[in-house]
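The sequence shown begins at 1 in full-length UniProt numbering and counts up by one. Take a look at the structure below.
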Amino acid sequence: MARGSLAGRLWQLCNLFMATFFGLAAAVQVIYLVPAALTLLVGLNPSVTENAVWRSLCDLHSAGCIFGTIALACSLVAYTQGNILHEEEGRNPLGGIHLTAAVLVVLFPFVSWLYIYINKEIRESWPTHCKTVI
Numbered sequence: 001m002a003r004g005s006l007a008g009r010l011w012q013l014c015n016l017f018m019a020t021f022f023g024l025a026a027a028v029q030v031i032y033l034v035p036a037a038l039t040l041l042v043g044l045n046p047s048v049t050e051n052a053v054w055r056s057l058c059d060l061h062s063a064g065c066i067f068g069t070i071a072l073a074c075s076l077v078a079y080t081q082g083n084i085l086h087e088e089e090g091r092n093p094l095g096g097i098h099l100t101a102a103v104l105v106v107l108f109p110f111v112s113w114l115y116i117y118i119n120k121e122i123r124e125s126w127p128t129h130c131k132t133v134i
């Protein structure tokens, strides 16, 4: 990618934006310092990705993330073996109703649009200024 091209500048800007995001996230969890530093380096000097140290650091970070994901999955499996009624979510019968209502509210516009889009006879009765909506 040419250093002075518009695409190159956009790529650098995106990396600097992500470095800012990861830097702010690092204030909450220190683990985000690594991606913040990596994206900041790419934003400032895109050719740094061709370095062997860069590649090994990225590989090490990816391996650590995979190991952490496996460890979290194992602890989740071990934690879910207990009785669900010991948890607050298991004792609250209205939680499922609240979740169902929220999902219905979110899905209603999409389902109604799909219904109107599929049924052309509904659209036939519309005024002409409404027929260009879909």
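The C-beta atom is built at its ideal place from N, Cα and C for all residues, glycine as well.
Within 7 Å, strictly: CB atoms of residue i and residue j
i, j, result
"A19", "A36", "yes"
"L16", "G43", "yes"
"L33", "A26", "yes"
"L41", "V48", "yes"
Beta-carbon contacts of residue i that lie in its chain and below 8 Å, excluding the five residues immediately before and after
i, result
"I66", "none"
"K131", "R123"
Chain-order list of residues whose beta-carbon lies under 7 Å from that of residue i (same chain, five-residue window excluded)
i, result
"L94", "none"
"F22", "Y32, P35, A36 and T39"
"W54", "V48"
Per-residue burial, residue i [other beta carbons within 10 Å of its own, 16 or more giving buried]
i, result
"L13", "exposed"
"T128", "exposed"
"F110", "exposed"
"L10", "exposed"
"F108", "exposed"
Cβ-based neighbour list, residue i, same chain, cut-off 6 Å, excluding 5 preceding and 5 following
i, result
"H61", "V34"
May I have a chain-ordered list of the alpha helix (DSSP H) segments no shorter than 4 residues that lie completely inside the stretch 14 to 46?
33 to 44
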